[in-house]
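**Student:** I'd like to ask some things about the structure below.
2 protein chains.
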Amino acid sequence: MKRDSRLSGVLHVLLHMAQQPGPFTSETLAKAMDTNPVVIRRIMAGLREIGYVRSEKGHGGGWTIACDLSKVTLRDVYAALGNPPLLAMGNRTEAPGCLVEQAVNAALDQAFDDAEALLLARLGEVTLAMLGEDLRKRLGSRKIHDISAHRA
Amino acid sequence: MKRDSRLSGVLHVLLHMAQQPGPFTSETLAKAMDTNPVVIRRIMAGLREIGYVRSEKGHGGGWTIACDLSKVTLRDVYAALGNPPLLAMGNRTEAPGCLVEQAVNAALDQAFDDAEALLLARLGEVTLAMLGEDLRKRLGSRKIHDISAHRA
DNA sequence: GTTTCATGTAACTTTATATGTTACATGATG
DNA sequence: CATCATGTAACATATAAAGTTACATGAAAC
Chain A
12 MKRDSRLSGV LHVLLHMAQQ PGPFTSETLA KAMDTNPVVI RRIMAGLREI
62 GYVRSEKGHG GGWTIACDLS KVTLRDVYAA LGNPPLLAMG NRTEAPGCLV
112 EQAVNAALDQ AFDDAEALLL ARLGEVTLAM LGEDLRKRLG SRKIHDISAH
162 RA
Chain B
12 MKRDSRLSGV LHVLLHMAQQ PGPFTSETLA KAMDTNPVVI RRIMAGLREI
62 GYVRSEKGHG GGWTIACDLS KVTLRDVYAA LGNPPLLAMG NRTEAPGCLV
112 EQAVNAALDQ AFDDAEALLL ARLGEVTLAM LGEDLRKRLG SRKIHDISAH
162 RA
């Protein structure tokens, strides 16, 4: 399976947007992310439906943040993406008749469920505002990061 | 990404083998797992290299368990598979020049690393012998499970 | 009102990876 | 030496993310 980087991608976009006033076109964001505008629209669609961002057509259109960054956690963003699978591993058969496989599944599920729960909990502890704060520290004395000066 | 079920599969095989004296041919095991003999050989190769199982060619050949089941954990088995990726999600870019992406990676990595560590720890707590014990409970009064009577 | 800009979305291609299959070489047993 | 079983390469299939193309829809500028 290819590694899913949509959460990473959409957070990157949001954090960029939070650094300067919008709106931002998909094309601008795509260039900053070194990808395609359609990919941007795709990963942003879920966030728009929930109302974390807004999109406008036509001249002066583009994407705008429409939520309180201190209230939205990484877990919320993950949920907006449609809760894609977290683990790369799973059981061969989900409801096996074989008792041997049931025993294996039981052991693995316990470990898998624990890990998933911890991951979601950790994501739930971090808000977008906290990400922004961390970014500001990294920027240090530098000027506000201009999206047009982006280097991957 | 397709979900990786090799750990699940190889544990199923090992637990079956632990129920009756061997050796077992790849074909027998493949039938029990409803898959192909080559797949069995593939997932067993790593275990053979570490010495958890042995394989013999020719008449009367096949696979045999060659380790102390109470000493080998699920984590050991996982390692024998070559430590395949545990998480289905990852960072877009691993060493980005963009500070925004660095901030995102830092936050995600913390969550990802914690979850991976917990998963590995949990797998490390369970030995193959413990799996066998759990299976015995599930079998209850029933006779020893005969691999030839296997149903997926 | 027509041109331009920007999103929305379907359809297709590409890429990565697990899994399934075929074919054949290697080596052990009877 | 015929048969059985593993070892492995090569190829095929399945699934899902990511990238791309094409075009419809709607808003703003002129």
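Taken in sequence, the protein lines are chains A and B. Here the first sequence is numbered in my numbering, starting from 12 and rising by one per residue. Here the second sequence is numbered in my numbering, starting from 12 and rising by one per residue. Glycine included, each C-beta is placed from N, C-alpha and C at the ideal position. Predicted model only: the values in this text are computed from it and were never measured.
Kindly give me the distance between the Cβ atoms of LEU25/A and ILE54/A, rounded to whole angstroms, as I take these residues to be in contact under 8 Å.
**Tutor:** Going by Cβ atoms, the distance from LEU25/A to ILE54/A rounds to 10 Å, so no, they are not a contact pair.
**Student:** Looking only at C-alpha atoms, which of THR138/A, GLY33/A and PHE35/A sits nearest to VAL88/A?
**Tutor:** With distances taken between Cα atoms, VAL88/A lies closest to THR138/A.
**Student:** So, at 8 Å on beta carbons, what are the nonlocal neighbours of LEU98/A in its own chain, with the 5 sequence-adjacent residues on each side left out?
**Tutor:** Excluding positions up to five away in sequence, the list reads PHE123, ALA126 and GLU127.
**Student:** For VAL115/A, which three-state DSSP category applies?
**Tutor:** Correct three-state label for VAL115/A: helix.
**Student:** What is the rounded straight-line gap between the Cα of PRO96/A and the Cα of GLY71/B?
**Tutor:** If I take the Cα positions, the gap works out to 43 Å.
**Student:** Let's test the definition: count the other Cβ atoms within 10 Å of the Cβ of VAL49/B and tell me whether it reaches 16, buried, or not, exposed.
**Tutor:** The residue in question, VAL49/B, is exposed, as its Cβ has fewer than 16 Cβ neighbours within 10 Å.
**Student:** Output yes if chain A places a C-beta closer than 7 Å to the C-beta of ASN94/B; else output no.
**Tutor:** Closer than 7 Å: no.
**Student:** To the nearest angstrom, how far is the alpha carbon of ARG8/A from that of ASP15/A?
**Tutor:** The requested residue 8/A is not part of the displayed model; chain A covers only 12 to 163.
**Student:** Quick check: the Cα distance between ALA163/A and ALA29/A, rounded to an integer number of angstroms?
**Tutor:** Only weak support exists for where ALA163/A lies, its pLDDT of 37 falling under 50; the value from the coordinates is given anyway. Their backbone Cα atoms lie some 18 Å apart in a straight line.
**Student:** Hey, quick one: how far does the beta strand (DSSP E) through GLU209/A stretch, first residue to last?
**Tutor:** For chain A, the structure presents residues 12 to 163; residue 209/A sits outside this window and is missing.
**Student:** Compute the Euclidean distance between the alpha carbons of ASP75/B and GLU105/B, then round it to the nearest angstrom.
**Tutor:** Contrary to the premise, residue 75/B reads as Thr rather than Asp in this sequence. Roughly 41 Å separates the two Cα atoms.
**Student:** Quick check: what's the CA-CA separation for MET141/B versus GLY62/B?
**Tutor:** Spanning the two alpha carbons is a distance of roughly 20 Å.
**Student:** Considering ARG53/A, what are the terminal residues of the beta strand (DSSP E) in which it resides?
**Tutor:** No beta strand (DSSP E) holds ARG53/A; the alpha helix (DSSP H) holding it covers 48-61.
**Student:** Comparing the C-beta of LEU40/B with each C-beta of chain A, is any distance below 7 Å?
**Tutor:** It does not; no Cβ of chain A falls within 7 Å.
**Student:** Where does SER19/B sit, in a helix, a strand or coil, going by DSSP?
**Tutor:** Note: SER19/B maps to helix in three-state DSSP.
**Student:** Given LEU40/B, which residues of its chain have a CB within under 6 Å of its CB, disregarding the five upstream and five downstream residues?
**Tutor:** Only VAL24 and ILE51 meet the Cβ criterion.
**Student:** With distances taken from CA atoms, which of VAL111/B, GLY143/B and LEU129/B is nearest GLU144/A?
**Tutor:** When each option's Cα is compared against that of GLU144/A, the closest is VAL111/B.
**Student:** Per the DSSP calculation, THR75/B is bridged to which residue(s)?
**Tutor:** Paired residue(s): ARG65/B.
**Student:** Does any C-beta atom of chain A lie closer than 7 Å to the C-beta of ALA29/B?
**Tutor:** No, because no Cβ of chain A sits closer than 7 Å to the Cβ of ALA29/B.
**Student:** Give me the chain A residues within the contact set of ASP170/B, using Cβ-Cβ distance strictly less than 8 Å, ordered along the chain.
**Tutor:** Residue 170/B cannot be examined here, being either before or after the span of chain B that is shown, 12 to 163.
**Student:** Report the residue from ASP45/A, GLY33/A and ALA117/A whose alpha carbon sits nearest the alpha carbon of LYS148/B.
**Tutor:** Here the closest residue by C-alpha is ALA117/A.
**Student:** Have a look at PRO32/A and GLY73/A and give me their C-alpha separation to the nearest angstrom.
**Tutor:** Those two C-alpha atoms are separated by around 12 Å.
**Student:** Do you know whose CA, among THR84/A, GLU38/A, VAL21/A and ASP79/A, lies nearest GLY57/A's CA?
**Tutor:** The shortest Cα separation from GLY57/A among THR84/A, GLU38/A, VAL21/A and ASP79/A belongs to VAL21/A.
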